[in-house]
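Peer 1: Have a look at this one before I ask anything.
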Amino acid sequence: GTLLMTIQRLAVVVNPRGGKQRGLKVLERIKPIFAVAGIALDIRVTQRPGHAAEIARTLEMKSCDGICVIGGDGTVHEIVDGLMQRGEPISIPLGIIPAGTGNTLARHLQCDDSLEAARRIVAGHTQPLDVVRVTLSDRIVYCVDLVGWGAVADINSNAEKWRMLGPSRYAAAALWQILRATRRRATLVLDGQTFDD
10 GTLLMTIQRL AVVVNPRGGK QRGLKVLERI KPIFAVAGIA LDIRVTQRPG
60 HAAEIARTLE MKSCDGICVI GGDGTVHEIV DGLMQRGEPI SIPLGIIPAG
110 TGNTLARHLQ CDDSLEAARR IVAGHTQPLD VVRVTLSDRI VYCVDLVGWG
160 AVADINSNAE KWRMLGPSRY AAAALWQILR ATRRRATLVL DGQTFDD
């Protein structure tokens, strides 16, 4: 269900390189919506891959009523992973303002328009979001919306290398994967039941 909360100060993490490098433009478009609502913004612009996770791990939680991400699915993933890696219970809301290539999570939440997303955040609309804990051979990763391994991971890895192709890079990477498919093993534990295949 939807919950309502009051926001006075918001930490905003902006990825200036996500999607078509429009994070800073989206920030300028949504600033007036927060200003009219009297919400102070603590803006932090990411400088490199992994920086959003670092910001989330080190953010002083008492200094804000919520965290807002302006970026794509990768930036949202970094923020969620960084928050969960803190090792303490997190009860701060996460606002998502889409500015990436795919914006899959924003579409799943039925809000892939940046101005509408900002309006919903200002209105204090929240909804629960499941977080998945993935144990890899060398680390634990937390994510929301999508967990991919094998072909999905290989496609995404190649798509990142081919960013210059824009959104079509995913289709090109998928075609490449079909031509050179590789099988992977995984163990999935879901509600206490283990699947190994």
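Mapping the sequence shown onto my numbering, position 133 (from 1) lands on 142, and the numbers just tick up by one. No residue lacks a Cβ here, since even glycine has one placed at the ideal position from N, Cα and C. Keep in mind it's a predicted model, so treat the numbers as computed, not measured.
Would you mind giving the Cβ-Cβ distance between Arg38 and Ser123, rounded to the nearest angstrom? I have them listed as a contact below 8 Å.
Peer 2: Residue mapping note: residue 38 aligns to position 29 of the sequence shown, counting from 1. Residue mapping note: residue 123 aligns to position 114 of the sequence shown, counting from 1. About 6 Å; that satisfies the 8 Å criterion.
Peer 1: Could you give the distance in angstroms between the alpha-carbon of Asp139 and the alpha-carbon of Asp90?
Peer 2: Indexing the sequence shown from 1 puts residue 139 at position 130. Indexing the sequence shown from 1 puts residue 90 at position 81. Looking at the two C-alpha atoms, the distance is approximately 13 Å.
Peer 1: Use the C-beta contact count for Thr11: other C-beta atoms within 10 angstroms, 16 or more gives buried, fewer gives exposed.
Peer 2: As a first step, residue 11 must be located in the sequence shown, where it is residue number 2. Caution is warranted here: a pLDDT of 49 is assigned to Thr11, below 50, making its placement in the model unreliable, and the coordinate value is therefore given only provisionally. Flag for Thr11 reads exposed.
Peer 1: Considering only the alpha carbon of each residue, which of Ala168, Arg142 and Ala44 lies closest to Val156?
Peer 2: Position 147 of the sequence shown holds residue 156. The candidate whose alpha carbon is nearest that of Val156 is Arg142.
Peer 1: Apply the 10 Å Cβ neighbour rule to Glu87 and answer buried if 16 or more other Cβ atoms are within range, or exposed otherwise.
Peer 2: Position 78 of the sequence shown, counted from the first residue, corresponds to residue 87. Counting Cβ neighbours within 10 Å, Glu87 comes out buried, since at least 16 surround it.
Peer 1: Could you compute how far the alpha carbon of Ala44 sits from the alpha carbon of Val131?
Peer 2: On the sequence shown, residue 44 is found 35 positions in, with the first residue counted as 1. On the sequence shown, residue 131 is found 122 positions in, with the first residue counted as 1. Approximately 10 Å, taken between the alpha carbons.
Peer 1: Measuring alpha carbon to alpha carbon, tell me which of Val153, Ala126, Ala195 and Gly27 ends up nearest Leu114.
Peer 2: As a position in the sequence shown, residue 114 is number 105, starting the count at 1. Selected option, being the one with the closest Cα: Val153.
Peer 1: Return the chain-ordered list of same chain residues with a C-beta closer than 7 Å to the C-beta of Arg193, the five sequence neighbours on each side being excluded.
Peer 2: Taking the first residue of the sequence shown as 1, we reach residue 193 at position 184. Counting only Cβ-Cβ distances below 7 Å, and skipping sequence neighbours, we find Trp158 and Gly159.
Peer 1: For Arg193, which of helix, strand or coil comes out of DSSP?
Peer 2: Here the question's residue 193 lines up with position 184 in the sequence shown. Three-state result, Arg193: coil.
Peer 1: Where does the unbroken beta strand (DSSP E) through Ala115 begin, and where does it stop?
Peer 2: Locating residue 115 in the sequence shown gives position 106, counting from the first residue. Here Ala115 belongs to no beta strand (DSSP E); instead the alpha helix (DSSP H) covers Thr113 to His117.
Peer 1: Does Val85 come out as helix, strand or coil in the three-state DSSP assignment?
Peer 2: Counted from its first residue, the sequence shown places residue 85 at position 76. Helix, per DSSP.
Peer 1: To which residues of the same chain is Ile64 closer than 6 Å at the C-beta, ignoring the five residues directly before and after it?
Peer 2: Start at 1 with the first residue of the sequence shown, and residue 64 comes out as number 55. These residues qualify, in order along the chain: Val22 and Arg53.
Peer 1: Can you find the residues in the same chain that come closer than 6 Å, C-beta to C-beta, to Tyr179, ignoring five residues on each side of it along the sequence?
Peer 2: For the purposes of this step, residue 179 is taken as the residue at position 170 of the sequence shown. Cβ within range, chain order: Ala168.
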